[in-house]
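Basically my numbering = 1-based index in the sequence shown + 467. Contents: one structure, followed by commentary.
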Amino acid sequence: MLPHICSVPLKEGHHQIWNLGSFLQEVSHFRMMPLCFSPWKDRRTSSLHEDLKMAKTDNGIRICQGLLILGNVVIGMCGIALTAECIFFVSDPHGLYPLLEATENDDIYAAAWIGIFVGFALLALSILGIIGVMKSSKTLLLVYIILMLITYAFEMASCITAATHRDFLTPNLFLKQMLERYLNSETDNNNDKWMTERVTKTWDNLMLQNQCCGVNGPLDWQQYTSAFRMTHNDADYPWPHNCCVMDTRGEPINLDGCKLGVSGFYNSNGCYDAISGPLNRQAWGVAWFGFAILCWTFCVLLGTMFYWSRIAY
468 MLPHICSVPL KEGHHQIWNL GSFLQEVSHF RMMPLCFSPW KDRRTSSLHE
518 DLKMAKTDNG IRICQGLLIL GNVVIGMCGI ALTAECIFFV SDPHGLYPLL
568 EATENDDIYA AAWIGIFVGF ALLALSILGI IGVMKSSKTL LLVYIILMLI
618 TYAFEMASCI TAATHRDFLT PNLFLKQMLE RYLNSETDNN NDKWMTERVT
668 KTWDNLMLQN QCCGVNGPLD WQQYTSAFRM THNDADYPWP HNCCVMDTRG
718 EPINLDGCKL GVSGFYNSNG CYDAISGPLN RQAWGVAWFG FAILCWTFCV
768 LLGTMFYWSR IAY
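Okay, structure coming up:
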């Protein structure tokens with residue numbers, strides 16, 4: 468009912484339609500307006516976009532959490548392996564530690580001891596990191612990052628020590644030590660006597676087990692002055708009897724032939740390879756396996772820092 472729009476009064480009391488065409492055009496135009504201008508539809512569309520955005524964000528967070536958990540699992544396993552390797556090293560399976568101890572430079576073993584500590588620390592911190600990621604705890608992850616950085620520094624020191632002191636193991640180092648300490652009866656104090664006895668025992672076992680003589684060969688006992696030569700004449704002991712080829716009972720198969728240097732009755736090769744080989748392998752194992760762990764841990768640490776920065780308190 469549109470009395471004031473569609474009609475006007477006349478004299479005789481009748482009504483006349485006024486501007487009806489214009490009114491019909493307005494109504495038609497209103498009906499043809501597109502529905503996209505509806506505010507309710509705009510709200511529904513905006514809400515849908517926000518839901519999709521949140522879903523994508525949740526998927527990204529879950530992927531990041533999964534990668535960090537996997538990274539920490541690998542770190543924990545590497546920690547166990549590093550601890551086992553370093554324990555094997557410090558247990559001295561080849562009995563060579565007295566030779567390094569007598570040189571007053573056993574830093575390679577110190578690097579292995581650090582590796583044992585780092586291995587246990589990596590295992591414990593990997594568990595802490597997994598818990599922190601699963602709970603999205605900013606406090607736990609902050610503690611994890613700080614302790615992991617400290618552990619990282621210790622492992623770096625261990626790797627550098629093991630790698631650099633490998634070059635310290637030269638033939639002249641062990642030759643000088645052997646000539647000075649093997650069967651040396653003149654010692655300055657009890658500690659020096661104890662160390663000399665250990666070096667002598669180590670060299671005896673080394674020459675018997677590896678069928679070798681001296682550092683470079685039997686001529687080490689002939690060409691250089693030694694404590695052994697001071698107490699043993701050249702005719703009876705041109706070199707220690709442990710340089711002779713032994714039978715199953717541990718006796719020289721031909722002592723006279725060994726003294727005369729007859730081929731087949733004495734060991735003509737030196738023991739340096741038997742010393743440096745195991746030490747170098749173990750030092751390289753501690754160093755390069757440690758460096759590999761550091762590279763992996765660095766990537767996990769970066770990911771953890773990024774994830775930590777995205778967590779709200």
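All C-beta atoms, glycine included, are put in the ideal place defined by N, C-alpha and C. Since the model is a prediction, treat every value here as computed from it, not as a measurement.
query                                                                                                                                                                         : result
Determine the direct distance from the alpha carbon of Ile760 to that of Val753, and round the result to whole angstroms.                                                     : 11 angstroms
Rounded to the nearest angstrom, what separates His708 and Thr692 at their Cα positions?                                                                                      : 18 angstroms
Short check: CB of Leu675 to CB of Met645, under 8 angstroms?                                                                                                                 : no
Exposed or buried, what is Asp655 when buried is set at 16 or more other beta-carbons lying within 10 Å of its beta-carbon?                                                   : exposed
Buried or exposed, going by whether 16 or more other CB atoms sit within 10 Å of the CB of Thr550?                                                                            : buried
When DSSP labels each residue in this structure, what does Ile778 get in the three-state scheme?                                                                              : coil
The alpha helix (DSSP H) with Phe584 in it runs from where to where?                                                                                                          : 574-602
Could you name the residues that DSSP lists as bridge partners for Cys725?                                                                                                    : Paired residue(s): none; Cys725 is not in a bridge.
If I follow the unbroken alpha helix (DSSP H) through Glu647, where does it start and stop?                                                                                   : 638-648
With a threshold of 7 angstroms on Cβ separation, who are the neighbours of Ala569 within its own chain once the five nearest residues in sequence on each side are excluded? : Gln644, Arg648, Met662, Val666
Within 10 angstroms of its Cβ, does Lys602 collect 16 or more other Cβ (buried), or is it exposed?                                                                            : exposed
Out of Thr606, Cys626, Leu534, Tyr739, state which residue places its alpha-carbon closest to the alpha-carbon of Asn683.                                                     : Tyr739
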